[in-house]
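Participant: Dropping the structure in here first, questions after.
So this is what it looks like as structure tokens:
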């Protein structure tokens with residue numbers, strides 16, 4: 135933010151300007167504007183920022199790590215198919231712990247080719263989403279003006295891509311049914327509500343993102 139007296143850039147919510155020493159409380163800043171045509175300075179510090187802090191200190195890092203690990207899983211082979219093959223193998227014979235890595239490798243290599251291209255494309259997209267989450271985290275932390283808009287896109291695009299992947303998977307595997315469609319619709323509705331809530335949250339704090 136800017137010091138109201140010397141216009142020097144200082145850290146957000148500073149109590150005193152590091153350049154001229156002027157007190158930066160809302161009361162002091164509004165007193166300085168008394169008798170001028172300038173509008174009173176809003177008490178932006180009073181707005182709760184817990185969700186913002188949760189986003190930049192935990193959520194986006196978690197999303198990046200989760201997307202990256204999921205990307206590896208999808209490129210190596212579907213987790214659900216690997217789990218099924220391992221389960222089937224273990225039900226047929228007693229398997230020692232030392233044999234597990236070999237079984238996992240075999241399961242990955244046996245994954246159906248008709249799904250392979252879809253999984254690899256989705257895995258690469260997940261890598262892209264992981265990079266997006268990290269870049270977005272630092273844009274939010276630096277209060278970049280376009281950061282809230284990028285966050286809304288980040289909350290929307292991966293959800294849509296995931297739904298498309300699931301629809302393609304159901305079509306290829308011929309498992310499409312009303313239950314799956316309803317579940318996908320519910321997931322998109324929940325994600326839409328999350329996007330809407332974040333839009334409202336950052337709209338009320340848009341004055342904080344001016345860099």
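Residue numbers (this note's numbering): 135 to 345.
Think of the CB as a built atom: it goes at the ideal place given N, C-alpha and C, for glycine as much as any other residue.
Count the C-beta pairs between the segment 307-319 and the segment 278-291 that are closer than 8 Å, then say yes if the count reaches three, no if not.
Facilitator: Taking 8 Å as the limit for Cβ pairs, the verdict is that the segment 278-291 does not touch the segment 307-319.
Participant: For residue 136, which beta-bridge partners are listed by DSSP?
Facilitator: Partner(s): 143.
Participant: Under the three-state reduction of DSSP, which class applies to residue 157: helix, strand or coil?
Facilitator: Residue 157 falls in the strand class under three-state DSSP.
Participant: Please identify the residue among 252, 188, 155 whose C-alpha is closest to the C-alpha of residue 295.
Facilitator: Cα-wise, what sits closest to residue 295 is 252.
Participant: What do you reckon, are the CB atoms on residue 260 and residue 211 nearer than 8 Å?
Facilitator: Result no, Cβ atoms of residue 260 and residue 211 do not sit closer than 8 Å.
Participant: Quick check: what's the CA-CA separation for residue 155 versus residue 145?
Facilitator: The alpha-carbon atoms of residue 155 and residue 145 are separated by roughly 13 Å.
Participant: Please list, in chain order, all residues of the same chain as residue 345 whose beta carbon is under 8 Å from its beta carbon, the five residues on each side excluded.
Facilitator: The answer, listed in chain order, is 276, 277, 278, 279.
Participant: What's the C-alpha gap between residue 338 and residue 184?
Facilitator: The straight-line gap from Cα to Cα measures roughly 14 Å.
Participant: For residue 209, which option in 141, 200, 250, 201 has the closest C-alpha, if you only look at C-alpha atoms?
Facilitator: Closest by alpha carbon: 250.
Participant: Assuming residue 286 and residue 270 form a contact by the criterion Cβ under 8 Å, report the distance between their Cβ atoms to the nearest whole angstrom.
Facilitator: That pair is no contact at about 10 Å.
Participant: Taking all protein chains shown into account, decide if residue 256 is buried (16 or more other Cβ within 10 angstroms of its Cβ) or exposed.
Facilitator: Residue 256 is buried by the Cβ-count criterion.
Participant: Please report the residue range of the alpha helix (DSSP H) in which residue 211 lies.
Facilitator: Where residue 211 is concerned, there is no enclosing alpha helix (DSSP H), given that its DSSP letter is neither H nor E.
Participant: Can you give the Cα-Cα distance for residue 325 and residue 193, rounded to whole angstroms?
Facilitator: Their backbone Cα atoms lie some 15 Å apart in a straight line.
Participant: So is residue 240 buried or exposed if we call it buried at 16+ other beta carbons inside 10 Å?
Facilitator: With a pLDDT of only 44 at residue 240, under the threshold of 50, the placement of this residue in the model should not be trusted, and no figure is reported.
Participant: Starting from residue 190 and walking both ways along the alpha helix (DSSP H), at which residues does that stretch end?
Facilitator: No alpha helix (DSSP H) contains residue 190, which DSSP labels as neither H nor E.
Participant: From residue 188 to residue 303, what does the alpha carbon distance come to, in whole angstroms?
Facilitator: Looking at the two C-alpha atoms, the distance is approximately 33 Å.
Participant: Cβ of residue 201 less than 8 Å from any chain D Cβ?
Facilitator: In the structure shown, chain D cannot be found, because there is only a single protein chain.
Participant: Could you give the DSSP three-state label for residue 277: helix, strand or coil?
Facilitator: Of the three classes helix, strand and coil, the one that applies to residue 277 here is coil, per DSSP.
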